[in-house]
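Encoded as structure tokens, the structure appears first; notes follow it.
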Amino acid sequence: MSLYISLDTFLQKFTKKSDFLTYIDNGIVRTPNKLEPLVEYMERKNITNEDFMILWNEIENKNSYLTRFYNMSLQVKTELIHFGEILSPMLLKYINNNTNPLLKNPIRNMYWKEILQQTESGIHNVPTYLNTVVDLFENNIVHYKLLSKSSLDKMNRNNGNKDVEGGRFGSVLSSFYFRASIMNPYVPYSLNKRRYQATSVFTPTLGWSSYAYGFLESGVTEYVGTDVIPKVCKKTVQFIDKYYTGITKDIYCIPSEELASNKEFNKKYKNHFDLVFFSPPYYDLEKYPSRNQSIKSYKTYEEWLEGYWRPTVMLCYHVLKKGGHMCFIISDYGSPSSSSQHYELVKDMSLIVSEIFGNKISKIPLHNKQIYVLSQEKAPEQIVSIEK
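With the numbering used here applied, the sequence shown covers 8 to 395.
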């Protein structure tokens with residue numbers, strides 16, 4: 008299994024050719040409720056051929072956009088950036104998931120399809136970024152939001168609204184379409200250097216391999232983790248073997264709540280780790296490409312808290328040394344005006360942690376520019392910590 012996808016291989020995913028009139032004649036518009044012929048949609052919405060030409064320019068010049076996207080979001084240098092050798096850790100009060108964002112590129116590259124296409128939003132009718140791009144460039148299917156007046160105005164190169172992606176096509180895509188969240192490895196690196204100084208770490212999820220990257224840059228010599236996505240488990244091992252020889256590692260591919268009842272694991276790692284760290288699932292905010300995802304096993308939020316979160320926290324407590332810390336990153340999400348769509352994850356999950364650890368928790372904010380904007384409000388993420 009190759010660790011990274013090259014620019015050439017990425018561009019080969021988008022090879023279909025068409026012409027302006029053929030695209031209009033054969034094109035389809037994806038609306039919230041149905042697929043509609045592009046010709047009929049344009050007539051119904053009073054979209055002229057001249058208007059559609061704005062979007063067509065992006066379709067015709069797709070390689071330019073895709074190359075810029077790759078270079079900005081997926082490109083990995085010949086050698087991995089060992090940022091622990093050149094960057095000071097962030098101060099605790101300024102921990103920000105978007106500081107030095109290019110450090111996310113190896114993560115996004117290793118799992119480009121899973122992050123950009125296969126992980127779906129838990130919010131209805133929000134397509135993934137890559138599904139939208141593939142539809143547009145390869146399948147002659149246009150998502151209706153790309154044809155709105157505001158989108159076409161932003162994309163119009165003649166308006167003088169140019170950004171690094173040409174017109175504002177890239178900005179429009181980022182605003183409307185879903186990409187799975189990624190932990191910047193600079194975050195666990197900084198937390199460990201500034202606060203924990205751990206040398207042995209357990210993570211109940213692998214965080215698309217970003218936890219391993221961050222912690223191993225911080226001087227951790229033993230890394231153990233588990234995840235429910237087989238590809239993530241395999242690539243995390245591959246990543247560690249390639250860049251961090253001599254590290255003690257142990258990677259499992261099993262849900263953390265099931266690992267909690269694994270007698271061999273519990274015996275091997277009882278009172279063992281300096282630190283447990285992860286950003287757990289935000290209940291059903293993201294739907295990952297795994298049949299073992301926690302929300303598939305529990306029908307309600309309350310069942311999820313008791314069936315997934317409580318045994319996972321008990322596992323964390325069991326494997327930590329006395330004086331070790333559990334650190335997790337979480338936030339509430341949904342609309343506070345609607346109790347059926349609002350989940351107070353910080354309060355509910357912290358309460359269970361306090362019950363099991365019998366100690367007080369501390370919280371600091373994780374600063375994070377929200378690139379993906381929805382009508383639902385998303386509270387600032389919290390870095391929650393508790394000592395055993």
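Every residue, glycine too, gets a C-beta built ideally from N, C-alpha and C. Values in this document were obtained by computation on a predicted structure and should not be read as measured data.
Are M190 and S286 touching if we call contact CB-CB under 8 Å? If you number the sequence shown from 1, residue 190 lands on position 183. If you number the sequence shown from 1, residue 286 lands on position 279. Closer than 8 Å, so yes.
Separation of N33 from L45, as counted between CA atoms: Taking the first residue of the sequence shown as position 1, residue 45 is located at position 38. Taking the first residue of the sequence shown as position 1, residue 33 is located at position 26. Looking at the two C-alpha atoms, the distance is approximately 7 Å.
Can you tell which of E92, G177, I258, Y220 has its C-alpha closest to the C-alpha of P1? A question about residue 1 goes unanswered here, because the residues of the chain that appear run from 8 up to 395.
Residues that DSSP places opposite Y72 in a beta bridge: As a first step, residue 72 must be located in the sequence shown, where it is residue number 65. Beta-bridge pairing links Y72 to no other residue.
Out of curiosity, what's the CA-to-CA distance linking F364 and E264? The residue labelled residue 364 in the question sits at position 357 within the sequence shown. The residue labelled residue 264 in the question sits at position 257 within the sequence shown. Answer to the nearest angstrom: the Cα atoms are 17 Å apart.
Under a three-way DSSP split, which group does C260 fall into? Sequence index remark: in the sequence shown, residue 260 carries index 253 (1-based). Residue state, collapsed to three classes: coil.
Those runs of the beta strand (DSSP E) which lie wholly inside the region 40–105 and span at least 3 residues: 42–44
Check for me: the beta strand (DSSP E) holding K152 runs from which residue to which? By 1-based counting over the sequence shown, the position of residue 152 is 145. Premise fails: K152 is in no beta strand (DSSP E) and is neither H nor E.
Given a cut-off of 8 Å on the beta-carbon distance, is the pair V283 and C323 in contact? For this step, residue 283 is matched to residue 276 along the sequence shown. For this step, residue 323 is matched to residue 316 along the sequence shown. Cβ atoms of V283 and C323: closer than 8 Å.
Please report the distance separating the alpha-carbon of E394 from that of K328. Sequence index remark: in the sequence shown, residue 394 carries index 387 (1-based). Sequence index remark: in the sequence shown, residue 328 carries index 321 (1-based). Cα to Cα, E394 sits roughly 10 Å from K328.
For N146, collect the residues of the same chain with a Cβ closer than 6 Å to its Cβ; drop the 5 residues on either side in sequence, then sort them by chain order. As a position in the sequence shown, residue 146 is number 139, starting the count at 1. Nothing listed; no residue qualifies.
Y230: first and last residue of the uninterrupted beta strand (DSSP E) it sits in: Here residue 230 refers to the residue found at position 223 of the sequence shown. Counting along the chain, the beta strand (DSSP E) containing Y230 begins and ends at 229–233.
Can you round the beta-carbon distance between N107 and Q82 to whole angstroms, since I take them to be within the 8 Å contact cut? Counted from its first residue, the sequence shown places residue 107 at position 100. Counted from its first residue, the sequence shown places residue 82 at position 75. So it is not a contact: roughly 14 Å between Cβ atoms.
Are there three or more Cβ pairs, one per stretch, closer than 8 Å when the region 67–86 is compared with the region 9–19? yes
For the beta strand (DSSP E) holding R37, just list the boundary residues, first then last. Here residue 37 corresponds to residue number 30 of the sequence shown, with the count starting at 1. Here the beta strand (DSSP E) through R37 covers 35–37.
Quick test of the definition: if touching needs 3 or more C-beta pairs under 8 Å, does the region 305–321 touch the region 237–253? No: fewer than three Cβ pairs fall under 8 Å.
Could you pull out every residue in the same chain whose Cβ sits closer than 7 Å to the Cβ of F183, ignoring the five residues on either side in sequence? In the sequence shown, residue 183 corresponds to position 176, counting from 1. If you ignore the 5 residues before and after F183, its C-beta comes within less than 7 Å of the C-beta of K152, all in its own chain and listed in chain order.
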